[in-house]
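Accompanying notes for the structure given below.
Protein chains in written order, with full-length UniProt numbering: chain V, 1 to 190; chain R, 1 to 190.
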């Protein structure tokens, strides 16, 4: 499926745009390709875009004071990724985003998103629900981290992203779950 | 300040409503009073409302598999609280909300929020930005939990809510930070 069709199908689940409105909406996006391992956002960057994943897998991650990496989110096709704190507030990026596999994304500038939302009510509706879902996902992630049972966290992750295990290196799944590789091995091979 | 004036000032920071639009918007809210310690949402509930805090402090919390309580959020005046996962998806509440102090809130049904958003573009704009800010707060909370340095987490919390320490019992602040009461004592009295 082409970029335009993927975005159209994604929007249509939440909002109703006329053909002309969708053409205008799509014209604000820019197609970008990334190599495996390439950085999309690095900690400290000024962030002016958000990214809609067409193909490949991105990760949003954070390096803590002990230089330990935590993965906040994997972004699969039709997921959105950015440092939204930096994008919304104008502060510098506190998290990084890079590509676990080679990836194709559609890139939207924050200023264009605001313009589209103000001009087309249904676009604002779409972005409200996009963020509602992101908010719920962030809260689930919080609850998962607060739960002490690594096995439970592992099972939740596998239920949420069944395709993840074949596509993402094991040490990244361990970094998402906040466990060592040895603990992870015991979880998937008990 | 009266409930109506507090809500009006809160909305005006993000959206522009005519006097008639605001009257209609406000007419969808219901004023409710809670006693100290009273439950607003209990785990397992069907959730149909969200709550705008006028006075007092609410907490959103979660009891994990080891029966340990974690506090996801304190909701101070002009903050919103609910189990948004349950409210948006129709699933049962996985977190609980109760009142740390006696509290006054304005209560809005999810169905009324959707109706208002569809009828008034600026209301949809308001709720998009309300959730954008909530999303950013949830991500900050995630990063704070991933950071191993309890002193840093404590300082962040005090910078974010300077009034918290005088109004919230110490064991709840410890439950927010994910530390024991003894560790908390060392942090604020080093």
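Beta carbons are placed, not taken as given, at the ideal position from N, Cα and C, and that holds for glycine. Please read all numbers here as calculations on a predicted model, not as lab measurements.
How big is the Cα-Cα spacing for residue 76/V and residue 146/V?
If you take the alpha carbons of residue 76/V and residue 146/V, they lie about 24 Å apart.
Anyone know if the C-beta pair for residue 134/V and residue 48/V falls short of 9 Å?
Cβ atoms of residue 134/V and residue 48/V: not closer than 9 Å.
Could you tell me how far apart the beta carbons of residue 29/V and residue 107/V are, in whole angstroms, since I believe they sit closer than 8 Å?
So it is a contact: roughly 6 Å between Cβ atoms.
List the whole-angstrom C-beta distance separating residue 61/R from residue 95/R, where the pair is believed to meet the contact cut-off of C-beta under 8 Å.
About 7 Å separates the two Cβ atoms, so the contact holds.
Would you please state the rounded distance, in angstroms, between the beta carbons of residue 82/V and residue 50/V? I believe it to be under 8 Å.
Rounded, the Cβ-Cβ distance is 4 Å, consistent with contact.
Does residue 138/R have its Cβ less than 9 Å from a Cβ in chain V?
Cβ-Cβ to chain V under 9 Å: yes for residue 138/R.
Are at least three pairs of beta-carbons, each pair with one atom in the region 66 to 75 of chain R and one in the region 4 to 22 of chain R, less than 8 Å apart?
Judged by Cβ distances under 8 Å, the region 66 to 75 of chain R makes no contact with the region 4 to 22 of chain R, as fewer than three pairs qualify.
Against chain V, does residue 158/R count as a neighbour if the rule is that its beta carbon must be under 9 Å from one of theirs?
So no, residue 158/R is outside the interface.
Suppose you measure from the CA of residue 38/V to the CA of residue 63/V; what does that come to, to the nearest Å?
So the two alpha carbons sit approximately 17 Å from each other.
Note down, in chain order, every chain V residue with its Cβ under 9 Å from the Cβ of residue 51/R.
Near residue 51/R there are no residues of chain V at all, since even the closest Cβ is about 16 Å away, more than 9 Å.
For residue 107/V, does the three-state DSSP call read helix, strand or coil?
Residue state, collapsed to three classes: strand.
Counting contacts by CB-CB distance shorter than 9 Å, is residue 28/R in contact with chain C?
Chain labels in this structure do not include chain C; the protein chains are V and R.
Measuring only the C-alpha atoms, how far is residue 180/V from residue 154/V?
Their backbone Cα atoms lie some 12 Å apart in a straight line.
Taking CB distances under 9 Å as the criterion, tell me whether residue 94/V reaches chain R.
So yes, residue 94/V belongs to the interface.
Tell me the DSSP bridge mates of residue 96/R?
Answer is 61/R.
Count the other CB atoms within 10 Å of the CB of residue 74/V; is the residue buried (16 or more) or exposed (fewer)?
Result: buried.
Using C-beta distances below 6 Å, list every residue in its chain close to residue 120/R, excluding the 5 sequence neighbours before and after it, in chain order.
Counting only Cβ-Cβ distances below 6 Å, and skipping sequence neighbours, we find 21.
Beta carbon of residue 10/R, beta carbon of residue 78/R: below 9 Å?
It is a contact, given that the beta carbons lie within the stated cut-off.
For residue 201/V and residue 98/V, what's the separation of their Cα atoms in angstroms?
Here chain V has residues from 1 to 190 only, and residue 201/V is not among them.
Hey, could you find the ends of the beta strand (DSSP E) residue 31/R is sitting in?
Segment 30 to 34, the beta strand (DSSP E) holding residue 31/R.
Mark residue 52/V as exposed unless 16 or more other C-beta atoms lie within 10 angstroms of its C-beta, in which case mark it buried.
Looking at its Cβ environment, which holds 16 or more other Cβ atoms inside 10 Å, residue 52/V is buried.
I believe residue 86/V touches residue 93/V by the beta-carbon criterion, under 8 Å. Please report the beta-carbon distance rounded to the nearest angstrom.
Confirmed, about 5 Å.
Using a beta-carbon distance below 9 Å, is residue 141/V in contact with chain R?
Yes, residue 141/V counts as interfacial toward chain R.
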